[in-house]
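Asks: Under our numbering, the first sequence has 545 at position 313, and the numbering climbs by one with no breaks.
For glycine and all other residues, C-beta sits at the position ideal for the given N, C-alpha and C.
In this text the structure is predicted, and so the values were computed from the model without any measurement.
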Amino acid sequence: MSFTPLPQRIEAILRRAIAQAQSSGALPPVPDDQELEIPIKPAKQSHYASAVAMASARLFKAKPLDIATTIGEHLPENELIGKVEVAPPGFINIWLAEAWIQQQVEVIIAAGADVFSLDIGGEQRVIVEFVSANPTGPLHVGRSRGAVVGDAAARLLEACGWQVHREYYFNNGGRQMEMLGRSIQARYLQALGEPADLPDDGYKGEYHVELGNTLAQEVGDAWRDKDWTAFKQYAEEIVFKNISATLARIGISFDQFFNELDLYDSGAVKETLKALGKAGYTYDAVTWKGASEEEIIKAKRQGTEAATWFRSSQLGDSQDRVIVRSNGDPTYVLPDIAYHVNKLERGFARAINVLGSDHFTESQVVKYGLAALGYDAERVDVILHQLVHLMRGGTRIGMSTRKGEIITLDEVMDETGPDAIRYFLLSRSTDNDISFDLDLAVKQSNENPVFYIQNAHVRCAGILRQLDERGYDPDWDRNADISLLGEEERSFVLKMLEMPEQLQMAYENLAPHQIAFWTLDLARAFHPMYERVRVLHSDVPDDVGKARLRLYRAAQIVFRRALTLMGMTAPDEM
RNA sequence: GCCCCCAUAGCUCAGAGGUCAGAGCAGCGGUCUUCUAAACCGUCGGUCGGGAGUUCGAAUCUCUCUGGGGGCACCA
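1) For L619, does the count of other Cβ atoms within 10 angstroms reach 16, so buried, or fall short, so exposed?
2) Helix or strand or just coil, what does DSSP make of R654?
3) Would a C-beta distance cut-off of 9 angstroms place D804 and A688 closer than the cut-off?
4) Between which two residues does the alpha helix (DSSP H) holding M731 run?
5) Starting from G588, follow its DSSP beta bridges and name the residues at the other end.
6) For G437, is the classification buried or exposed, using 16 other Cβ atoms within 10 angstroms of its Cβ as the cut-off for buried?
7) Looking at Q734: is its Cβ nearer than 9 angstroms to the Cβ of I714?
8) Suppose only complete runs of 3+ residues qualify. What are the beta strand (DSSP E) ranges in the region 499-555, listed by chain order?
9) Can you list, in chain order, the residues of its chain with a C-beta nearer than 8 angstroms to that of P706? Leave out the 5 residues immediately preceding and following it.
10) Within the same chain, show all residues whose beta-carbon is closer than 6 angstroms to that of R398, passing over the 5 residues directly before and after it, in chain order.
11) By DSSP's criteria, E317 is part of a beta bridge. Which residues make up the other side?
12) Go through its chain and collect everything with a Cβ distance to T540's Cβ below 6 angstroms, but skip five positions before and after it.
13) In chain order, which continuous runs of the alpha helix (DSSP H) of length 4 or greater are located wholly inside the region 265-319?
14) Which same chain residues, not among the five before or five after K532, have their C-beta less than 8 angstroms away from its C-beta?
15) Using C-beta distances below 7 angstroms, list every residue in its chain close to P274, excluding the 5 sequence neighbours before and after it, in chain order.
16) Taking the Cβ atom as the reference point for each residue, do D346 and R793 lie within a distance shorter than 9 angstroms?
17) Give the single residue among F490, L752, M286 and V682 whose Cα lies nearest to the Cα of F472.
18) Is R624 near D669, with beta carbons less than 9 angstroms apart?
19) Thinking C-beta only, is I313 closer than 9 angstroms to L307?
20) Run through the DSSP bridge pairs and tell me what Y401 is partnered with.
21) Taking D432 as the reference, which of L754, R697, R691 and R634 has the closest Cα?
22) Quick one: Cα of Y571 to Cα of M761, how far?
23) Please report the Cβ distance between L726 and L328, rounded to the nearest whole angstrom; I am assuming they are in contact, meaning their Cβ atoms lie under 8 angstroms.
24) My parser needs the beta strand (DSSP E) runs of 3 or more residues fully inside the region 657-725; what are they?
25) I need the boundaries of the alpha helix (DSSP H) containing I242, first residue and last residue.
26) Is the Cβ-Cβ distance between P650 and G378 less than 9 angstroms?
27) Strictly by DSSP, which residues pair up with I359?
28) The alpha helix (DSSP H) that contains S476, what's its start and end?
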């Protein structure tokens, strides 16, 4: 069952009113080259409001107040709008019909778990790539923002009618992985009591020491003469399991882990290089064409051989990028482009990448690469989130897997629980960076609004539990007369009915945090009502109680829907 | 130097060009005899960083200045 956001439905009615006013001569026709926009927004002084009269004053060559009045007079018959008032300088204030609002309680109950789904995607396929952390160590808190945001974006897309494929780009090629292999090799040899030095850029963390120790216990000295690739393989497997377990714990699963190495094995990387060359976008040189004298001198001093460059500057980049190093190894750029070609060739209508802002340039270059190869780079959207700054007691601490400065997501979840960390990371605009003070983590988790939201669900469940405990018929409210719902209940229903438009807005902005805020808003509307609007109370007549129980059933469905969309649990008891 | 993001209440943050700028926390004062108080009610708190522009209308769009964060590797 799919819903249409209320503003769209109201807009359609106003459009018909305008058309009727035009055919009766009360408003002039709109010139063919012009388009009439009809904005509808939730308002404080009414349920919804439209500023269409102000926006169209020039178009209709009339005063906004007159236009608004005319539109109001030509409203077609409909069950949705109950009352319309015009307010200076020309707002059309709209109240929905009480009876219609009340009926929506039954609509929500009938829709059930998938309530308020939209049909924007038309079941097209979309790939959402997120996390994609190098498998060099456990998932740290900084990375978890992308995980939470990415998963919420995927759930949002599903609610908007897309078929979502969740993918983790597994960066198991490249220099970092070699470094991991060599580091574990060194730790292993050290565990055997042999002298071995960690590489200069090696992984210094306690986690990697333990990996070496564990391996030594498992295989004894049998691996003494193996080269780094075996150690890399071993570490990669363990780290992969570790990351998967962490993600599972916070409720994230992937349809596919896409191995970077497969792009090499399949020849895709070479093909991409060839295709870029064929399109005239590569050249071999020591520095990029357009490099400053400073850069040229520096390159000469280093005695660098020629590398292969991607002429991205021709597509708007500030400079060209190396895609094959002078030693013959591709940089990350080339497999990245190959990967995105692969995504689009797999038939996804859209590709959405969730990245930290430190990967901004990378995402740009990938788009230039796709454009160079004749693909529509617009099919790729990037959700770029600012970074999470780890703090301890008010001072910032570093976060580097290589240096072993790591606060893992698991450690934080041990303290706060998955739901609290999810909400904390989700409830901020991706444009803002987040300060995460570990010393305040527990305190913050107690103040975390997620409990306030979950408690709304708990309270709904509590009423149903009482019903059972007091021996009521579970279908007690079967034929409730919902017209007995009062003003306060109706305004809460109205709040629930905002969900489709909230989903649409969050979808259009690719901004899952808006759902987090709206859900909190809904909880703020819920709790005060709950205090006053009782169901099983001696003061409440049975027929009113039944109507109210319908309302709380609907509320429970909507809270569960919203919590699930954010990847959180909807508990029956706190 | 170039690119991206940010600046809104004491703090953390929302804010879809529209009617008087909103929450939570903190502060102050209240509320548990009926579905668990992780709750409710009241109150205090603002030159929306500065300046110019576009518009009937700007926290929101443009430019500029200031102050922060991130990026601009033959790392990913």
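Replies: In short:
1) Its Cβ having fewer than 16 others within 10 Å, L619 is exposed.
2) Of the three classes helix, strand and coil, the one that applies to R654 here is helix, per DSSP.
3) No, these two residues do not count as a Cβ contact at 9 angstroms.
4) Element bounds for M731: M731 to E740.
5) Per the DSSP secondary-structure output, G588 pairs in a beta bridge with H617.
6) With a threshold of 16 other beta carbon atoms within 10 Å, G437 meets it and is buried.
7) For the pair Q734 and I714, the CB atoms are not nearer than the 9 angstroms cut-off.
8) Counting whole runs of 3 or more residues, the region 499-555 contains the beta strand (DSSP E) stretches 514-517 and 539-542.
9) Short of 8 angstroms from the beta carbon of P706, and not among the five residues preceding or following it, lie these beta carbons of its own chain, in chain order: L699 and D700.
10) Within its own chain, the residues whose Cβ lies closer than 6 angstroms to the Cβ of R398, once the five positions on either side in sequence are excluded, are V360, A386, F486 and D487, listed in chain order.
11) The partner list for E317 (beta bridge, DSSP) reads N325.
12) If we look at T540 and ignore the five residues flanking it on each side, its Cβ neighbours are T514, D516, I555 and V556.
13) Segments of the alpha helix (DSSP H) lying fully in the region 265-319: 284-287, 289-292 and 296-305.
14) Correct list, in chain order: V518.
15) Excluding its 5 nearest sequence neighbours in each direction, P274 has C-beta neighbours in its own chain below 7 angstroms: Y280 and E730, listed in chain order.
16) If you check the CB distance, D346 and R793 come in under 9 angstroms.
17) The shortest C-alpha separation from F472 is found at F490.
18) Judged by their CB atoms, R624 and D669 are nearer to each other than the 9 angstroms cut-off.
19) Taking 9 angstroms as the Cβ cut-off, L307 and I313 qualify as a contacting pair.
20) DSSP output for Y401 lists F490 as bridge partner(s).
21) Of the candidates L754, R697, R691 and R634, the one whose C-alpha sits nearest the C-alpha of D432 is R634.
22) Using only the alpha carbons, I get a separation of about 52 angstroms.
23) Right, the Cβ-Cβ distance comes to about 7 angstroms (below 8 angstroms), so this counts as a contact.
24) Segments of the beta strand (DSSP E) lying fully in the region 657-725: 666-669.
25) L238 to S255 is the span of the alpha helix (DSSP H), which, as asked, contains I242.
26) The answer is no: Cβ separation not under 9 angstroms.
27) In the DSSP output, where bridge partners are listed per residue, I359 has H397 and A583.
28) S476: member of the alpha helix (DSSP H) spanning W460 to R481, first to last residue.
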